[in-house]
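Chains as they are written, first to last, in full-length UniProt numbering: chain A, 1 to 362; chain B, 1 to 362. Note that CB positions come from ideal geometry on N, CA and C, so glycine has one too. Note sheet for the following structure.
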């Protein structure tokens, strides 16, 4: 008996995308079906290359063909992706803007933003990172780009800033344009203008995700960015203690205000506990315990992960490059999982905003 | 042979105030001399009750009398103090305003400010604390004053805010006037007005030191506070890593700008290392090493101390009350020494600004 394309589609119509709650065929995620005797090949077009359910979906497709079509089928599945978008982000070619925010500083927001951008890129996505923390830009040091100056290029007769490429992502930091030894006592409106230029005057090209590291707190820059560029969603970074928790609530509160109305993708708890590298069984809750989960629960948003702090007694502590680029370890694993969960929440948010049937066609 | 007042003064003229580099008699620090046979009593009026050299100066006075006057003298020294001031701080009755600042947030600036205020008060000084960190006020939680609202009183026909008294100091926080669950997306000028009211509209009474916890970074509030109220000096808080160090440099840079011109009293390095309470010999440099000393050296300002982070494996990490109020321990010792060094720098700064002869007469 010959296997037909219709049989394959019917079988895969039984496989549900767990986040989007519809089957893969309805979602138009099955493409390029080829059948040659018992050989069945097709592509599954996910909504993000960082999909944490990739292996589960691939398995479900395989089982559906074996069960509903033929137990002798030789199946070749090409797991691919096309990142979804739901609206004009205000930056041509950029599908999604992800804001990384925190109620207060020093919670490791910039570390989370950098590792989120790199984690998304590791999965194959095209990623940009804007460091808009005018008062404490940290991208130049974190990426070993101190003293770097972006090039200017002419595009369509206009002068454009060329983002700097490093570790596979495109970067711009307000720190590339200021002297690290000079103070920046700028009044609010000047700051907002500077940050808008990082979006508008740069040649970002095509990006699946543009991650923006916002300054801590809620101020002029937040109002400007969220009003000028439709942000897909915000990731809130907190540490586990109560003091920071109250501030993080405020950070979230601002995004939820009607005038701003940015969806919260979820909460990341950073510096969840300290573990000496030599004593992996010891967890020291130096900044409190469980605050991130608590905040996510109260606000009814997803918990996107806890990032531990792990150091050996001989480590100096000044990181040379972002953690995600290091060898595997508990911190790298935590960051990669967080990036997957953020990508998942972006896809869910986009799907909610769109007619779900057309999700892959954008 | 009868001991005379002149002999006592001549002997004490040999005792130098190590910071002010003049002898105690020239500095007018010796008062209330009484002589009755071999009994010699007098007061030494220091420039701060938190003087770290108190014991050393007392010993030097005792030895001077025994050596130059009579080895049989029975000496009774009353070590007292009158905190100096050098200028009109803009707040009636307040002798010195000490700003606590940092280039970036999350370095424990509020913790340092609270423990500085409490450490100064512990020595006997009259101390106030303004929490001007509009985006993350932490005094309400740190002092167990969540939900507290200051009283209003009528003074000379005007409505005045009454600072709240707790643990021996007077407190006002911008957090007493905002809802912790509501966001504060205020534009710069509104914020500056709110902070000025904490100085101008409150009934501070007589204070030796008014400590102000500034928001991280350098923005509208810093410009407003330093231009409206002549700040005696600024304490810069940093953590040991490079990223924060670059920001701290900027924080300091702003104070040194001609338009602002606030003396830097020195650098405090917070979270210098982590030590498990059970393993007091292990030091984990989780945030880097030596950055505070480096910053102080580069900027040629005093290093005011390193504050370690010490927790047991069973500690939850959410502190109930400020460290200085706890039992003695390495963290408490570090904070008390820091407060003494800050008071010392204020006294030196005041002495430099004044005719040194009149230092105690203000």
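Where residue i falls: helix, strand or coil (DSSP)
i	result
residue 278 of chain A	coil
residue 79 of chain B	strand
residue 170 of chain A	strand
residue 341 of chain A	helix
residue 241 of chain A	coil
residue 108 of chain B	coil
residue 228 of chain A	helix
residue 16 of chain B	strand
residue 102 of chain A	coil
residue 123 of chain A	coil
residue 356 of chain A	Note on residue 356 of chain A: pLDDT 46, under 50, position unreliable in the model; the coordinate value appears next. Residue 356 of chain A: helix per DSSP, three-state reduction.
residue 292 of chain A	helix
residue 11 of chain B	helix
residue 30 of chain A	strand
residue 159 of chain B	strand
residue 190 of chain B	helix
residue 233 of chain A	strand
Residue-level contact to chain A via CB, residue i, 7 angstroms cutoff
i	result
residue 107 of chain B	yes
residue 216 of chain B	yes
residue 282 of chain B	yes
residue 311 of chain B	yes
residue 18 of chain B	no
residue 233 of chain B	no
residue 74 of chain B	no
residue 286 of chain B	yes
residue 93 of chain B	no
residue 266 of chain B	no
residue 136 of chain B	yes
With 16 other Cβ atoms within 10 Å as the buried cut-off, status of residue i
i	result
residue 21 of chain A	exposed
residue 276 of chain B	buried
residue 17 of chain B	buried
residue 159 of chain A	exposed
residue 36 of chain B	exposed
residue 131 of chain A	buried
residue 72 of chain A	exposed
residue 195 of chain B	buried
residue 29 of chain B	buried
residue 298 of chain A	exposed
residue 65 of chain B	buried
residue 352 of chain A	exposed
Spatial distance of residue i from residue j (CA atoms)
i	j	result
residue 80 of chain B	residue 97 of chain B	21 angstroms
residue 53 of chain A	residue 267 of chain A	20 angstroms
residue 222 of chain B	residue 238 of chain B	17 angstroms
residue 203 of chain B	residue 229 of chain B	16 angstroms
residue 339 of chain B	residue 331 of chain B	12 angstroms
residue 227 of chain B	residue 171 of chain A	37 angstroms
residue 272 of chain B	residue 294 of chain B	13 angstroms
residue 123 of chain B	residue 236 of chain B	22 angstroms
residue 146 of chain A	residue 201 of chain B	45 angstroms
residue 33 of chain A	residue 40 of chain A	7 angstroms
residue 176 of chain A	residue 322 of chain A	18 angstroms
residue 263 of chain A	residue 256 of chain A	7 angstroms
residue 101 of chain B	residue 342 of chain B	14 angstroms
residue 11 of chain A	residue 27 of chain A	14 angstroms
residue 55 of chain B	residue 307 of chain B	24 angstroms
residue 217 of chain A	residue 105 of chain A	7 angstroms
Cβ of residue i within 7 angstroms of any chain B Cβ
i	result
residue 130 of chain A	no
residue 115 of chain A	no
residue 13 of chain A	no
residue 104 of chain A	yes
residue 317 of chain A	For residue 317 of chain A, the predicted model reports a pLDDT of 48, less than 50, meaning its position is unreliable; a value from the coordinates is still stated below. Yes, its Cβ sits closer than 7 angstroms to a Cβ of chain B.
residue 329 of chain A	no
Spatial neighbours of residue i in its chain, beta-carbon cut-off 6 angstroms, leaving aside the 5 residues before and after
i	result
residue 127 of chain A	117, 120, 121, 169, 209
residue 286 of chain B	274
residue 114 of chain B	142, 322
Own chain partners of residue i with C-beta closer than 7 angstroms, once the 5 adjacent residues on each side are dropped
i	result
residue 317 of chain A	Confidence in residue 317 of chain A is poor, its pLDDT being 48 and thus under 50, which makes the residue's placement too unreliable to answer from.
residue 149 of chain B	176
residue 305 of chain B	268, 334, 337, 338, 341
Distance cut-off 6 angstroms: residue i Cβ against heavy atoms of the ligand ADP
i	result
residue 10 of chain A	As for the ligand ADP, it is missing from this structure, which has no ligand bound.
8 angstroms Cβ shell around residue i - same chain, five flanking residues per side excluded
i	result
residue 78 of chain A	32, 41, 42, 43, 44
residue 88 of chain B	230
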